[in-house]
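See the structure below:
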């Protein structure tokens with residue numbers, strides 16, 4: 097306790113929680129989001145064939161969580177597009193990543209040391225979005241704890257949840273990539289974070305919001321930086337989830353189904369049609 101008092105953790109958390117996200121942190125969020133869009137198969141071809149469709153996909157990657165949360169809370173999905181500075185900044189990032197001569201901008205932001213910094217900054221924005229989503233839902237539904245969790249979860253991972261709709265804009269349909277069926281680490285972390293912030297908002301978790309924001313941001317940023325540096329798609333929750341799911345549901349989470357390989361037909365017999 098003396099060490100924490102000496103570090104003035106509460107003061108640091110307060111200062112950190114009041115930091116503005118625009119433009120530095122939001123810029124990093126837009127860069128990483130659109131960078132991941134360019135990694136998607138067919139996205140470069142779409143940008144050459146239909147710049148409008150490519151731009152819409154980029155806007156979904158940047159603002160999909162706001163759009164989905166507004167729809168769930170009964171607001172217009174176009175509300176966030178009134179923030180002209182954010183739209184223009186995201187559009188500039190989209191243009192530079194897809195159309196910059198010699199791919200210079202893409203090569204700079206995809207350079208691993210630069211990318212690691214941008215990924216860490218993006219997780220700062222994600223945590224703020226989760227906390228803001230829970231707080232917004234709390235004002236609309238004071239005792240709707242499940243609504244708070246859902247809105248916070250959507251604010252943190254709405255882009256992934258709308259991935260199938262975004263695929264349609266690119267002319268791709270892959271229902272097997274549904275984020276609910278195959279939850280990635282950011283999606284799981286957003287759900288757990290939404291639960292924590294809901295417990296804090298309901299005064300069940302005895303932690304100041306600023307401290308929770310700081311701690312959860314450090315966890316998310318560290319995890320994503322390590323995973324990105326190692327090119328890993330695993331999850332720090334995998335061991336705990338496997339044990340809990342085995343205890344509650346009798347199977348490990350994400351455990352592959354056992355399939356038996358059918359015997360090969362003999363050459364002397366014709367194959368069945």
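Residue numbers (the working numbering): 97 to 369. Ideal Cβ placement from N, Cα and C applies to all residues, glycine included.
For residue 341, the enclosing alpha helix (DSSP H) has its first and last residue at 334-345. If you draw a straight line from the Cα of residue 199 to the Cα of residue 193, it is about 7 Å long. Judged by beta-carbon spacing, residue 218 lies beyond the 9 Å limit of residue 284, meaning their Cβ atoms are not closer than that value. When only Cα atoms are considered, residue 209 and residue 270 end up about 32 Å apart. Put simply, the stretch 238-252 does not touch the stretch 303-310. Fewer than three CB pairs are less than 8 Å apart. Excluding the 5 residues flanking it on each side, residue 165 has same chain C-beta neighbours closer than 7 Å at 229, 247, 250, 251 and 254, in chain order.
Within the stretch 231-301, complete alpha helix (DSSP H) segments of at least 4 residues are found at 241-257, 259-265 and 281-297, given in chain order.
Proximity of the stretch 120-130 to the stretch 220-227 meets the contact definition, three or more beta-carbon pairs being nearer than 8 Å.
Annotation note: the stretch 131-186 contains no uninterrupted beta strand (DSSP E) run of length 3 or greater.
The residue among 170, 297, 201 and 265 with its C-alpha nearest the C-alpha of residue 156 is 265. In summary, residue 121 is buried, with 16 or more beta-carbon neighbours lying within 10 Å of its beta-carbon over all protein chains present. Rounded to whole angstroms, the Cβ separation of residue 154 and residue 183 is 11 Å, and the two are not in contact under 8 Å. Non-local beta-carbon contacts of residue 303 in its own chain, meaning distances under 7 Å to residues more than five positions away in sequence, involve 296 in chain order. Of the candidates 268, 175 and 256, 268 places its Cα closest to the Cα of residue 141. Considering only 111, 238, 235 and 226, the residue with the shortest C-alpha distance to residue 293 is 226. Straight-line measurement puts the Cα of residue 262 at about 15 Å from the Cα of residue 190. Comparing C-alpha distances from residue 169 to each of 322, 342, 345 and 234 shows the shortest one belongs to 234. In the three-state reduction of the DSSP assignment, residue 229 falls in the helix class. Counting of Cβ neighbours within 10 angstroms places residue 163 among the buried residues, the total reaching 16 or more. Taking a 10 Å sphere around the C-beta of residue 330, we find fewer than 16 other C-beta atoms and assign the residue as exposed.
Residues 266, 267 and 268 of the same chain have their beta carbon placed closer than 8 Å to that of residue 138, with the five preceding and five following residues left out of the count.
Residue 185 and residue 339 have their C-alpha atoms roughly 44 Å apart.
In the three-state scheme derived from DSSP, where H, G and I count as helix and E and B as strand, residue 106 is classed as helix. Collapsing the DSSP output to three states places residue 115 in coil.
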